[in-house]
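Reviewing the structure listed below.
There are 6 protein chains.
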Amino acid sequence: MKDTLKIMYLSPIGFSAYDTIFAEMIKENKFSNTEVHVTSMSSRVGLMDNLEYRTYNALIATELIKATRQASKEGFDALIIGCFYDPFLLDAREISGDMVVVGPSHSSIEIALKLSNKFSVIIGQTKWEHEMHSTIKEYGYGEHLASFRSVEMNVCEFQKDHDITASKLFKAAEMAVKEDHAESIILGCTLEFGFYEKIQEKLQVPVIDPSLASLKQAEQAAYLKRNFGWKPSRKWSCEAPPCADIEQFGLFKEEFVFGNRIIVK
Amino acid sequence: MKDTLKIMYLSPIGFSAYDTIFAEMIKENKFSNTEVHVTSMSSRVGLMDNLEYRTYNALIATELIKATRQASKEGFDALIIGCFYDPFLLDAREISGDMVVVGPSHSSIEIALKLSNKFSVIIGQTKWEHEMHSTIKEYGYGEHLASFRSVEMNVCEFQKDHDITASKLFKAAEMAVKEDHAESIILGCTLEFGFYEKIQEKLQVPVIDPSLASLKQAEQAAYLKRNFGWKPSRKWSCEAPPCADIEQFGLFKEEFVFGNRIIVK
Amino acid sequence: MKDTLKIMYLSPIGFSAYDTIFAEMIKENKFSNTEVHVTSMSSRVGLMDNLEYRTYNALIATELIKATRQASKEGFDALIIGCFYDPFLLDAREISGDMVVVGPSHSSIEIALKLSNKFSVIIGQTKWEHEMHSTIKEYGYGEHLASFRSVEMNVCEFQKDHDITASKLFKAAEMAVKEDHAESIILGCTLEFGFYEKIQEKLQVPVIDPSLASLKQAEQAAYLKRNFGWKPSRKWSCEAPPCADIEQFGLFKEEFVFGNRIIVK
Amino acid sequence: MKDTLKIMYLSPIGFSAYDTIFAEMIKENKFSNTEVHVTSMSSRVGLMDNLEYRTYNALIATELIKATRQASKEGFDALIIGCFYDPFLLDAREISGDMVVVGPSHSSIEIALKLSNKFSVIIGQTKWEHEMHSTIKEYGYGEHLASFRSVEMNVCEFQKDHDITASKLFKAAEMAVKEDHAESIILGCTLEFGFYEKIQEKLQVPVIDPSLASLKQAEQAAYLKRNFGWKPSRKWSCEAPPCADIEQFGLFKEEFVFGNRIIVK
Amino acid sequence: MKDTLKIMYLSPIGFSAYDTIFAEMIKENKFSNTEVHVTSMSSRVGLMDNLEYRTYNALIATELIKATRQASKEGFDALIIGCFYDPFLLDAREISGDMVVVGPSHSSIEIALKLSNKFSVIIGQTKWEHEMHSTIKEYGYGEHLASFRSVEMNVCEFQKDHDITASKLFKAAEMAVKEDHAESIILGCTLEFGFYEKIQEKLQVPVIDPSLASLKQAEQAAYLKRNFGWKPSRKWSCEAPPCADIEQFGLFKEEFVFGNRIIVK
Amino acid sequence: MKDTLKIMYLSPIGFSAYDTIFAEMIKENKFSNTEVHVTSMSSRVGLMDNLEYRTYNALIATELIKATRQASKEGFDALIIGCFYDPFLLDAREISGDMVVVGPSHSSIEIALKLSNKFSVIIGQTKWEHEMHSTIKEYGYGEHLASFRSVEMNVCEFQKDHDITASKLFKAAEMAVKEDHAESIILGCTLEFGFYEKIQEKLQVPVIDPSLASLKQAEQAAYLKRNFGWKPSRKWSCEAPPCADIEQFGLFKEEFVFGNRIIVK
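Chains as they are written, first to last, in our numbering: chain A, 1 to 265; chain B, 1001 to 1265; chain C, 2001 to 2265; chain D, 3001 to 3265; chain E, 4001 to 4265; chain F, 5001 to 5265.
Structure, rendered in structure tokens:
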């Protein structure tokens, strides 16, 4: 590998409480020559602690695009949009210059489908299903989806009582395997972290943690870019706005200021 | 019809140059008891005069959601998001309360498919095709799409030299009918206004103007809501963010201020 | 609106018992400047009181085509084929001249999908499902269909004991929402009239009555035709039989005589 | 084989000019213990000599259903609806009792796909494409269709100047193979008879004649019914109208009278 | 029919225990002028008595291709690959020369869909479902599949205790009809022979035995080849390896030796 | 990374001429702690120098499965099946124990779709298209495929005259971008090695070399397995044959002997 790979893990919420935990998880699992900046969107868009609603997603879109552009300008090789909806993945990819952008959902499915033919996604609320299903179908993975199984918890509850969460996630995963014939499980929220190993051990099928999945796929993408020149296409639907227009419209004039940054080397 | 229907036509760009023209077009074509407010997003998001790029779309998302919420609070029956990408249609629908939200693309296709089995969309640039195609497939109309035909003009050129535009649009539409077996034509940009009638007359197939289409479908939706109680579902994927959360996160605290408003009665 | 819109509501059965009720329903809900002729097929094809079977559909096809041609010649702007199978919709559209033809199923789905992302259809018998599902898939709405739910009643029972029907329709709709994650409900038979409001109020999701839906979509189509020239395409698959052939084959020589006509002004 | 198989080849037009030719073709190619009745619909529905339009199809629907019922009552084992649109195939199957109903399009595709992975259909006019494509997609064969190629002739011209027809069909088939990567060819009209062998010999790919295809598939179906009890399902969507209703509605009271019948033993 | 048709029924396992039974079944059901050679793959590939796993399928692929080539050289008109997975059907078809190759799954579905609109497949183990479903979707029949129903027996158990098997198959078929709305049933393993008639009689829907289905479809294909020249295409994806390459690579040098052959005349 | 990753790159042909070149390419591009064994199938299956035909694919299936089993027993973490058809990928995955199996086609597409929305595949001959298209559709990537473009060369010609090959590949890629609106290019044969960089530089879109793609995806998969326990599922369709059966049938008794092995450390 030629140089240090620079990756940003961006929680697309204005809420940094989990950043330290993600940073630890990343420290333990990244390659030695990868530098990861863990950050969130700062409180510019309100202190939403979740993105469960399309409304919340849309509310962070503007800032997310600015953040993407900023990360690209700072020379990051890859950006992780740290939410399982993969919000605005195609949009961010358009303005990312030479930086690759990945999302936890897409990353997790790629891994699950190298190990099995059908996966289920364990979600917090039935509410999430329609948007995630649309995204998965657009990726092309609709025929490989066994089911969604909801634990009827909201995002903020996942890390409150770990025993309850562990038990609910396990039961949902078990039902997905038994009833829906899932052959692998994807935990459908980045805040379902810390649980994959035990469920995997008990169920004896692959259980994918989306944050870890996106970290490793981001590293891989960054490496491929550096070594093979496999950087984002800028042709047709991937064409970025012209510089002249960006200047004329006064876009991106101010530097985007991320939330507190934890740099993991 | 029980009362005056209140409709907002919102140009989702921070650029009001065309508002007067749209207002005139609307004045001529609305029902007598409809009141339409024509407005744009104000210059909050830069003076972009087009939304050709996903980047630009995402840049207006936050404001668009706030605008939607504001329009809903002001008691509008229906909101038109005045761009053929139908940007953030599902997102806006989530936060729209009892207000129905429509987009020009969806509205135009509904009309075209009552009059024909296959339609083509005349777009400005090949760049647009992928996003529009994804949207059309998600609506379910993919199998009824004959083709996209691009005139290789950007949004701002459409209204510069009307003869050139008229000629290019006609040629593209003619090719769509002859080569791609389109049976109807949709003009794939709200700024392709003013041309549909002549092309329709010459080609002898329905040619749908997306702004007019969305105006009339909005009126229809507003009417149905008022008279049959057919207002937006708030179940499952349509569930809106809880009021308590909106308050806690401090969302929508400030009233959204639209750009200059032309009120058409 | 330029003139009086002329619409025909045609019950495609040789049985006029419900015509009065439909006429009342229409009177209450039409625009003031719409004139609607409510009629049925006369007893030419037997006194079938339902179209539950493909056989019955096919048995009325010949007359339906003649009726369509006649309505077109009489200058109607739009024709409603008053059966939820939308029988011979594309066929009737071919011979309808400048008259737009709509069906209750297509009309209802358009309304449901402006208000929700997934709908269920409440049908009388499982028997109906395959044909309706095929039609819905051909329209392109297959991915938006949550489910069919059958109340196991035949068409003629719907209006016998209103309490029983109301209760069965409500239960089926409730199950569709709870179990199948429907976000809106469509009553899948024109004879399920009179029930939508109460179910809507109790379930708090949109419940679409197909007759009303088709009436209003017909008015809208008629209006658009009159004001924007958006009349049926006659290109490619929409091409009508040549006049010379019609004459040579002796088709439509005799005037089609509708059943008793109730004219609602 | 237990007994003589009885098959009806029904030209669903009120025009018997080609019956003799079909009878000869059938005589040459049927099994020895098959009895085929070649007939047409009589002139009841006008003297249409083609079914190119949906209108014409619908105009013969009522009679076709009556004919089907009659054939079933007369004890035929299988009925061929002799038009490449396979008009009202599913409808006729509903009322066919123990008689199997087949169509030339479905029959031809089954044969083509045992010999190749992709087929093209040579049609008379572009007009036909949409309806045939819908039917083929509903059968499930959409992904195996390489293309339609039109020779721009109407049905009645096929048998006028055989040299011209042969030349046009060959050229269209050749283009389908070369340009559209067809691996087999289906002649998309029963009146394209008499040409398959030469094209097959010259092009060296299978060229399927739809009348012969339907004859042989009908014989096969008849045989399977007789020997294995594989007769039409009457469950769910295949349920036939109840006898009581048929009686009550006065359907099928009069015996259907076919056109002149040529009995081929 | 011009001559004796020569057909090979090949059990693609190195295990001949059932050959005699198949031979009897074939004797009873073939046309009089058909000669069928019933054989298996000899023990070259181990004594596997089933092909339930992809592994087993792949293990017989090489020999199956050699067997196909050999059968073609021996002048067979059609080859039946006697396993419901239709293993390597497209591959065998490539090297089969003028011999048509059919499989029990494809053959059974063709028959079921002439008699009904939806079928279910009764399989031995859930394990089989994914591969069979993929195959059925590739054929194009995915939308006509009501369900798979598993009896949780392995292949070798089917013929052990006939009462148990009969009872399990019947119950699964009954559930498929009642719960999944199947209108016909396909027994999803060639070793489910001997049961179709009773289930058919009790359930009153078509129940297709896959061995019989493939026998009759093979005879039909052989007949069509002989009489109409409808032999395998060798164009594009159907192109066979060039003779020169086969020679150069030393393929098919040795004659393939089948297992014991039962010749049924 | 915990330990040395062991990967096998297996050319699934009995022909080792290119092994040295692949070994060099791998040496240059692998991670330092990866050990790669480059080998081929030995001449057991004839000296085929390509797998262009389904026949050739099937001919190597048996040995490929044995090779997979052997590699798994030798403790490899990942196996690359070095042919762009990804032959028998799902089959090999079934018997691979804890070893992950990847193919060049699947690997390349994953990379292309992180950098673009539409890709084209540059193939040697039109012959290949059908099989590759089927595979790509089964993976789920069908809607992201812009086109296949054939250079009309066979596999063995790619490395004969590099200038000719370079020129033909470039022209095909350029046409794919210009005409088919591809946004990235995949070289559709492992023997198209050595060309990606120059085409990428000239065309300015990502051009994916399938061998390199599969090498890096194999390393990634091996790493994920080692560090997160993400090894192949053995549930449902992924269930492997029972050990008892393998023993009883005498499968895999003899150790599979690979061709000459080049070990790259």
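Just so it is clear, CB atoms sit at the ideal spot from N, CA and C, and this is done for glycine as well.
Source: prediction; values computed, not measured.
For the C-beta of H5144/F, not a single chain B residue is nearer than 8 Å; the gap to the nearest is close to 10 Å. Checking the DSSP bridge columns, you'll see F2148/C partnered with V2121/C.
Around T1126/B, the beta-carbon contacts reaching into chain F at under 7 Å are H5181. Per DSSP, the continuous beta strand (DSSP E) segment holding K3006/D begins and ends at 3005 to 3011. In the assembly as shown, G4188/E is a buried residue. Its beta-carbon has 16 or more other beta-carbons within 10 Å.
C-alpha of A3176/D to C-alpha of W5128/F: approximately 18 Å in a straight line. Linking F119/A to H5144/F through their CA atoms gives a straight-line distance of about 21 Å. Under the Cβ criterion of 8 Å, L5212/F is counted among the residues facing chain A.
DSSP places T1190/B outside both helix and strand once states are collapsed to three, so it counts as coil. S4237/E carries a helical assignment under DSSP once its states are collapsed to helix, strand and coil. The C-beta of E5174/F comes no closer than 8 Å to any C-beta of chain A. Using a C-beta cut-off of 8 Å, the region 4182 to 4199 of chain E makes contact with the region 4207 to 4223 of chain E, since at least three inter-stretch Cβ pairs fall below that distance. Burial state of P3242/D is exposed, judged by a 10 Å Cβ sphere holding fewer than 16 other Cβ atoms. A3067/D: not part of any beta strand (DSSP E); member of the alpha helix (DSSP H) spanning 3054 to 3073, first to last residue. Interface with chain E (8 Å Cβ-Cβ cutoff): A3221/D is included.
DSSP, read as helix, strand or coil, puts L4051/E in coil. With a threshold of 16 other beta carbon atoms within 10 Å, N1033/B falls short and is exposed.
In the three-state DSSP reduction, L2251/C falls in the coil class, being neither helix nor strand. Contact between P2087/C and M2041/C does not hold, since the beta-carbon distance rounds to 11 Å and is not under 8 Å. Looking only at T1190/B, I1060/B, A1182/B, the smallest Cα-Cα distance to Q1204/B is reached by A1182/B. G82/A and Y2141/C have their C-alpha atoms roughly 33 Å apart. Between L1251/B and L59/A, the gap from beta carbon to beta carbon is short of 8 Å. CA-CA distance, I2186/C to V1155/B, rounds to 40 Å. V3257/D counts as exposed, since fewer than 16 other C-beta atoms from the protein chains shown sit within 10 angstroms of its C-beta.
Secondary structure note for I2164/C: it is in no beta strand (DSSP E), and the uninterrupted alpha helix (DSSP H) holding it is 2162 to 2180. Under the 10 Å beta carbon count, Q2248/C is surrounded by fewer than 16 other beta carbons and is classified as exposed. Contact between I3123/D and S3150/D holds, with the beta-carbon distance rounding to 5 Å and staying under 8 Å. Residue pairing by DSSP places A4078/E opposite I4007/E, V4100/E in a beta bridge. Per DSSP, reduced to three states, the secondary structure at V4205/E is coil, with no helix or strand assignment. Between I3095/D and chain C, the shortest Cβ-Cβ separation is below 8 Å. Following the DSSP letters along the chain, one finds S4040/E in no alpha helix (DSSP H) but inside the beta strand (DSSP E) bounded by residues 4034 to 4040.
S2108/C sits in a helix when the DSSP states are folded into three classes.
Flagged as an interface residue toward chain E: H5130/F, by a C-beta distance shorter than 8 Å. Using a CB distance below 8 Å, the part of the region 5233 to 5244 of chain F facing chain E consists of W5236, S5237, E5239, A5240, P5241, ordered along the chain. Out of Y5085/F, N5029/F, M5099/F, the CA that lies nearest to the CA of L5224/F is found in M5099/F. Taking a Cβ-Cβ cut-off of 9 Å, the neighbours of T62/A in chain B comprise V1045, A1058, L1059, I1060, A1061, T1062, E1063, given in sequence order.
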